[in-house]
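**Student:** Got a structure here, written out as structure tokens. Questions coming.
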Amino acid sequence: MIGKTVSHYRVVEKLGGGGMGVVYKAEDTKLGRLVALKFLPESGATLHPSPPPAPLAQGEGGPQGRVRVAQYDPQALERLKREARAASALNHPNICTIYDIDEHDGQPFIAMEFLEGQTLKQRLSGHHPLTPSSERRGVAASAPPGSGGGRGVVGAMQLDTLLDLAIQIADALDAAHTKGIIHRDIKPANIFVTSSGQAKVLDFGLAKLASPRAVGAIHESPLQQTAATASIELEHLTSPGVAMGTVAYMSPEQSRGEELDARTDLFSFGAVLYEMATGRLAFTGNTSAMIFTAILTQAPTPPVRLNPDLPPKLEEIINKALEKNRKLRYQTASDLSADLKRLKRDLDSGRAATDAVPLARTVPRRSRGRVWAAASGAAVAIVVLAGTAVWYSHSRRPSLPSPPPISSPSEPAVRTVAVLPFRELAARPGNETWGIGMADAIISRLASLKNLAVRPTSSVLKYANSAADPAQVARELEVNSVLDGTFQRIGGVIRVSVQLVDPQTRSARWAGRYDLRTDDMLKFQDEVAQKVVEGLSVQVSEAEHQSLSAPMTASPEAYSLYLAARFYRNEYFMRSRLESIHQGRRLIEQAIAKDSNFAEAYVLLSEFYSMESANFVENSRENLARTEEVARQAIRLNPRLPDAYTALGVAYTESGRNTEAIRTLRQALTMAPNSDWTLDILGYAYHYAGLNDLAEQAYRHSIQLNPAMRRIYWMHARMLLYLGRAQEAEQEMRRILAESPDQFKVMAYLGEFLYYQRRLEEAEPVIARAVDLGRSSGDDVPLWFSAFLHASRGERGKIDPTLFRIRPEEVIDGDLAYWAGGMYALLGENAQALTWFRRAVELGNHNYPWFEHDKNYDRLRGNPEYQRIMADVRRHWEHYRKLFGAP
668 MIGKTVSHYR VVEKLGGGGM GVVYKAEDTK LGRLVALKFL PESGATLHPS
718 PPPAPLAQGE GGPQGRVRVA QYDPQALERL KREARAASAL NHPNICTIYD
768 IDEHDGQPFI AMEFLEGQTL KQRLSGHHPL TPSSERRGVA ASAPPGSGGG
818 RGVVGAMQLD TLLDLAIQIA DALDAAHTKG IIHRDIKPAN IFVTSSGQAK
868 VLDFGLAKLA SPRAVGAIHE SPLQQTAATA SIELEHLTSP GVAMGTVAYM
918 SPEQSRGEEL DARTDLFSFG AVLYEMATGR LAFTGNTSAM IFTAILTQAP
968 TPPVRLNPDL PPKLEEIINK ALEKNRKLRY QTASDLSADL KRLKRDLDSG
1018 RAATDAVPLA RTVPRRSRGR VWAAASGAAV AIVVLAGTAV WYSHSRRPSL
1068 PSPPPISSPS EPAVRTVAVL PFRELAARPG NETWGIGMAD AIISRLASLK
1118 NLAVRPTSSV LKYANSAADP AQVARELEVN SVLDGTFQRI GGVIRVSVQL
1168 VDPQTRSARW AGRYDLRTDD MLKFQDEVAQ KVVEGLSVQV SEAEHQSLSA
1218 PMTASPEAYS LYLAARFYRN EYFMRSRLES IHQGRRLIEQ AIAKDSNFAE
1268 AYVLLSEFYS MESANFVENS RENLARTEEV ARQAIRLNPR LPDAYTALGV
1318 AYTESGRNTE AIRTLRQALT MAPNSDWTLD ILGYAYHYAG LNDLAEQAYR
1368 HSIQLNPAMR RIYWMHARML LYLGRAQEAE QEMRRILAES PDQFKVMAYL
1418 GEFLYYQRRL EEAEPVIARA VDLGRSSGDD VPLWFSAFLH ASRGERGKID
1468 PTLFRIRPEE VIDGDLAYWA GGMYALLGEN AQALTWFRRA VELGNHNYPW
1518 FEHDKNYDRL RGNPEYQRIM ADVRRHWEHY RKLFGAP
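To convert, note that position 834 of the sequence shown is 1501 in the working numbering; the numbers rise steadily by one, no gaps.
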């Protein structure tokens, strides 16, 4: 073929060839430009008997027998045609341009853009673009032979290069999807990086035209899917020429052979992003079956563990793209591109802080429980189960009116301590499980002591894997002492060094070294807890001493599983990874199978069921029932375990049983008065009961115990609003914004407080900014406050349309139901408003004092049905006041 002229293209050299095509560099003699010609491979042609000859005229003769007839594999031929049709329908700078499709001597080919550079696969494998000429020849716009095969990844890409390329790729996918074209084979080998740094998406040979039913919002292309296309929909799953690398980038729905839509490309692109960020495949295995299993059932190692330099926001983007449930994944390439561009902008301007709010899980907030929804910083919500490590204060907390003291002058002084995650000396990426799990277990052990306030796990997770200065930690978390430890693995032994540091003198109040085997772990936790008590001279009661001395379990295996499950619980709070909930629940169920009398394990299982109920619509009610059932079992096993009562209080609060919730949580608080977890949930239960004074006190106390947790401040400010102190609420939010100017939830609540002071002109830009900053988070709080503002002006068309699509029966969050009723009341749509108001009350929202004064419901005051509902709410509220001694 070299030197031949094909149509008006003169072939210069062969660039590569494989099972799907042979590519040549050629010169377009008409336009004087270089192109790439892609032919079907020679192996696609077969020898067939010649057809029976026509009768010969008298005197004629000629040879008969076998002749070479080009008969191409229908799948290969259709793929070549489909690549030309799909790519030629697109005109985008990041998609390889197709110029022509033609035949030469019966051999079909396509002419396409000639590109200088290398594929992303080659770049990730360590082939530098400035290698000797034999390795950096011009590469055609086609995957090289064996493009999907195994690889030896050298390393991750530079962050700025990664983001530049990722944005271009996302934009290319958006252009294709807008035309209704799904690529279906996104992988590094099908992405080209030119010598100028431009990304080009290649090889639309597996592309299909998506039906409107499959794609939804994606526009239909004028291209039509042919019968041949439909007949080979799954060719990439079954064709023997498809290499293993392709399998590693398939979406779960593609692996199952289901109908595909544009979101399959977004999952594949997520796998590519993962590899660009970490230098490793997201899903691996020695066989296709093993890789499919990983794609369908396993979460990849968190990218930040493999590359600690990654911004957490990038990990969140990757995790969202790799959601196994496509309903929770990015829904459009434009949304993914917007998040990447926002991250790049923030990094360029130095505003991408490591403590930023996680990006959205697209879990509809309507499915979340009230306790979780209240605390939602993004897609996950309240720190119901130890809190989220999302919003940290890196300086002194905003000043507040002095909270009630933890102890009175006549009581023993309450000591404060922070337990840092144990740090591995020979740190290996992704190996924080033991260090975080052990610190969390010690925190849990100490949290029940009346005269010791231990900072929750949520406050210390940011110090994981860092050699933090104990004095700085003490200043940031406002504690008297810091427990700091390191460990290293030597054979079957974990060698641990631990010390209790006085930040004032930087000296150790106590220090110890331990060589631990599996059987020693539980004894180690108990001994360290006891040494902290002794080192700080904490006064403990006899009951507390017995509790500290009593072993949690007699099974070392159960305890190891318990530690690992606690790690996954905290990973969920750190990374917003929904898969961590399932992983943690499976581990704690195994722990209980090892020891059915392990009360603390039942508490943790109750927490996981609560998280599943709040985050997953499927089986939500069943999981809420399990939350209560398992918490009750923990109490039966250990009636003196405060966390068991708190877990039961969560179940009651989530199911709208306010009286039982408050009683149970108060009981837990008498056993562990310094538990910020219990105070958090108790504050919310008080709020639902309309006991806003008590709720405000609970949140103030919680702030004192956990000053680094931003969410507690805005919950406290909400109580100030409900108490008629909107100006104080506003001032509290402004103090926090001074430290965290882009914290969109704080900004949203500031806008709400301005709105309720009737300062609409001030509220509007604040709320609009909150909506913009929180757009990709999945958190709908800013949207509701924006809806209030527009509805109050009769501007129905400016309200986000998604809010009108929510149905009352879908909602299990009483605040959301109440907000929806207020929006409809402002719009004058009374029937809808009353339906939502009834739903809020059914869900246990009985905040009568606030309902009486909420201006959003003013139009309904004279409505008889509204008055009947309010009379019922008032009866509930008065009952709560009598029971709980509220003012």
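The beta carbon of each residue, even a glycine, is placed where N, CA and C say it ideally should be. Just so you know, these numbers come straight off a predicted model, no measurement behind them.
1) Candidates Ala-1225, Leu-948, Asp-1409, Asn-1341: which alpha carbon is nearest Ala-1114's?
2) Taking 8 Å as the threshold, find out whether the region 1161-1172 comes into contact with the region 1140-1151 through three or more Cβ pairs.
3) What is the DSSP secondary structure of Thr-828, reduced to helix, strand or coil?
4) Kindly list the residues whose CB is nearer than 8 Å to the CB of Asp-841, restricted to its own chain and excluding five residues on each side of it in sequence; keep chain order.
5) Taking a contact to mean a Cβ-Cβ separation below 7 Å, would you say Thr-764 touches Glu-783 in this structure?
6) To the nearest angstrom, report how far apart Ile-985 and Ile-1479 are at their CA atoms.
7) What span of residues does the alpha helix (DSSP H) with Met-1105 cover, start to end?
8) Could you check how far apart the C-beta atoms of Ala-1365 and Tyr-1353 are, in whole angstroms? I think they sit under 8 Å.
9) Cβ of Gly-1391 within 7 Å of Cβ of Phe-1411?
10) Specify the secondary structure class of Arg-1307 as computed by DSSP and reduced to three states.
11) Taking the alpha carbon of Arg-996 as the point to measure from, which residue in Pro-970, Ala-938, Ala-966, Leu-933 has its own alpha carbon closest?
12) Let me check one thing: in DSSP terms, what residues is Trp-1177 bridge-paired to?
13) Please give the ranges of any alpha helix (DSSP H) in the region 1320-1351, keeping only runs that are unbroken, at least 4 residues long and fully inside the region.
14) Going by the CB atoms, is the gap between Met-824 and Met-943 shorter than 7 Å?
15) Gln-1398 by DSSP, collapsed to three states: which one?
16) Is Ala-1339 closer than 7 Å to Pro-1309 when the C-beta atoms are compared?
17) Got a sec? Which residues, its chain only, sit under 7 Å from Ala-1507 by beta carbon, not counting five neighbours each side?
18) Run through the DSSP bridge pairs and tell me what Glu-1091 is partnered with.
19) So what does Asp-769 bridge to, in DSSP terms?
20) With contact counted as at least three CB pairs below 8 Å, one residue from each stretch, are the region 1215-1233 and the region 1192-1205 in contact?
21) Might you give, ordered along the chain, the residues of its own chain that have their beta carbon closer than 6 Å to the beta carbon of Glu-1295, omitting 5 neighbours on each side?
22) Check whether the region 1264-1273 touches the region 1458-1472, counting contact only when three or more Cβ pairs, one atom from each stretch, lie closer than 8 Å.
23) Hey, which unbroken runs of the alpha helix (DSSP H) at 4 residues or more fall wholly within the region 1224-1289?
24) How is Phe-781 classed by DSSP in three states: helix, strand or coil?
25) Given this structure, state the Cα-to-Cα distance separating Gly-937 from Thr-931, to the nearest angstrom.
26) At the level of alpha carbons, what is the spacing between Lys-1198 and Arg-1180?
27) Looking at the strands, I want to know which residues DSSP matches up with Ala-866.
28) Could you check what DSSP says for Phe-1551 in three-state terms: helix, strand or coil?
29) Out of Leu-830, Met-1490, Ser-1148, point me to the one whose CA is closest to Thr-1083's CA.
30) So for Ser-1133, helix, strand or coil by DSSP?
31) Leaving out the 5 sequence neighbours to the left and right, which residues in its chain are closer than 8 Å to Arg-1561 when beta-carbon positions are compared?
32) Distance, Cα to Cα, Val-1433 vs Arg-1122?
33) Span of the beta strand (DSSP E) holding Leu-1119?
34) DSSP beta-bridge partners for Tyr-1423?
35) Skipping 5 residues on each side, what residues in its chain have a beta carbon closer than 6 Å to that of Ser-1277?
36) Using the Cα positions of Glu-887 and Ile-962, report the straight-line distance between them to the nearest angstrom.
**Tutor:** In short, the structure shows the following:
1) Residue 1114 sits at position 447 when you count from the first residue of the sequence shown. Selected option, being the one with the closest Cα: Asn-1341.
2) yes
3) Translated into the one-based positions of the sequence shown, residue 828 becomes position 161. DSSP places Thr-828 in helix when its eight states are reduced to three.
4) Indexing the sequence shown from 1 puts residue 841 at position 174. The residues are Thr-999, Ala-1000, Ser-1001, Ser-1004.
5) On the sequence shown, residue 764 is found 97 positions in, with the first residue counted as 1. On the sequence shown, residue 783 is found 116 positions in, with the first residue counted as 1. Cβ distance not < 7 Å, so Thr-764 and Glu-783 don't count as in contact.
6) Here residue 985 refers to the residue found at position 318 when the sequence shown is read from its first residue. Here residue 1479 refers to the residue found at position 812 when the sequence shown is read from its first residue. If you take the alpha carbons of Ile-985 and Ile-1479, they lie about 29 Å apart.
7) If you number the sequence shown from 1, residue 1105 lands on position 438. Element bounds for Met-1105: 1100-1113.
8) Your numbering for residue 1365 matches position 698 in the sequence shown. Your numbering for residue 1353 matches position 686 in the sequence shown. That belief holds up - the Cβ atoms of Ala-1365 and Tyr-1353 are roughly 6 Å apart, short of 8 Å.
9) For the purposes of this step, residue 1391 is taken as residue 724 along the sequence shown, with counting starting at 1. For the purposes of this step, residue 1411 is taken as residue 744 along the sequence shown, with counting starting at 1. No, they are not a contact pair.
10) Here residue 1307 refers to the residue found at position 640 when the sequence shown is read from its first residue. Note: Arg-1307 maps to coil in three-state DSSP.
11) Numbered from its first residue, the sequence shown carries residue 996 at position 329. Considering only alpha carbons, the answer is Leu-933.
12) As a first step, residue 1177 must be located in the sequence shown, where it is residue number 510. In the DSSP output, where bridge partners are listed per residue, Trp-1177 has Leu-1167.
13) 1325-1338
14) Numbered from 1 along the sequence shown, position 276 holds the residue referred to as residue 943. Numbered from 1 along the sequence shown, position 157 holds the residue referred to as residue 824. Yes, the Cβ-Cβ distance between Met-943 and Met-824 is below 7 Å.
15) Within the sequence shown, numbered from 1, the residue matching residue 1398 stands at position 731. Helix at Gln-1398.
16) Mapped onto the sequence shown, residue 1309 falls at position 642. Mapped onto the sequence shown, residue 1339 falls at position 672. Yes, they are a contact pair.
17) Taking the sequence shown and counting its residues from 1, one reaches residue 1507 at position 840. Around Ala-1507: Gly-1481, Ala-1484, Tyr-1485, Gly-1488.
18) For the purposes of this step, residue 1091 is taken as residue 424 along the sequence shown, with counting starting at 1. Beta-bridge pairing links Glu-1091 to Phe-1154.
19) Position 102 of the sequence shown, counted from the first residue, corresponds to residue 769. Bridge partners of Asp-769: Phe-776.
20) yes
21) Within the sequence shown, the letter at position 628 stands for residue 1295. Cβ within range, chain order: Ala-1318.
22) no
23) 1245-1261, 1266-1282
24) The count along the sequence shown starts at 1 and reaches residue 781 at position 114. Of the three classes helix, strand and coil, the one that applies to Phe-781 here is strand, per DSSP.
25) For the purposes of this step, residue 937 is taken as the residue at position 270 of the sequence shown. For the purposes of this step, residue 931 is taken as the residue at position 264 of the sequence shown. Going by the C-alpha atoms only, they are around 10 Å apart.
26) Locating residue 1198 in the sequence shown gives position 531, counting from the first residue. Locating residue 1180 in the sequence shown gives position 513, counting from the first residue. Going by the C-alpha atoms only, they are around 13 Å apart.
27) Counted from its first residue, the sequence shown places residue 866 at position 199. Answer by DSSP bridge pairing, in chain order: Val-860.
28) In the sequence shown, counting from the first residue as 1, residue 1551 sits at position 884. Of the three classes helix, strand and coil, the one that applies to Phe-1551 here is helix, per DSSP.
29) Counting from 1 along the sequence shown, the entry for residue 1083 is found at position 416. Closest option to Thr-1083, Cα to Cα, is Ser-1148.
30) For the purposes of this step, residue 1133 is taken as residue 466 along the sequence shown, with counting starting at 1. Ser-1133: coil per DSSP, three-state reduction.
31) Since the first and last residues shown for the chain are 668 and 1554, residue 1561 lies out of range.
32) Taking the first residue of the sequence shown as position 1, residue 1433 is located at position 766. Taking the first residue of the sequence shown as position 1, residue 1122 is located at position 455. If I take the Cα positions, the gap works out to 33 Å.
33) Numbered from its first residue, the sequence shown carries residue 1119 at position 452. 1119-1121 is the extent of the beta strand (DSSP E) around Leu-1119.
34) Counted from its first residue, the sequence shown places residue 1423 at position 756. The partner list for Tyr-1423 (beta bridge, DSSP) is empty, contrary to what the question assumes.
35) As a position in the sequence shown, residue 1277 is number 610, starting the count at 1. Counting only Cβ-Cβ distances below 6 Å, and skipping sequence neighbours, we find Thr-1294, Val-1317.
36) Here the question's residue 887 lines up with position 220 in the sequence shown. Here the question's residue 962 lines up with position 295 in the sequence shown. Note that Glu-887 scores a pLDDT of 32, beneath 50, so its modelled location is shaky; the value from the coordinates is reported in the next line. So the alpha carbons of these two residues sit roughly 29 Å apart.
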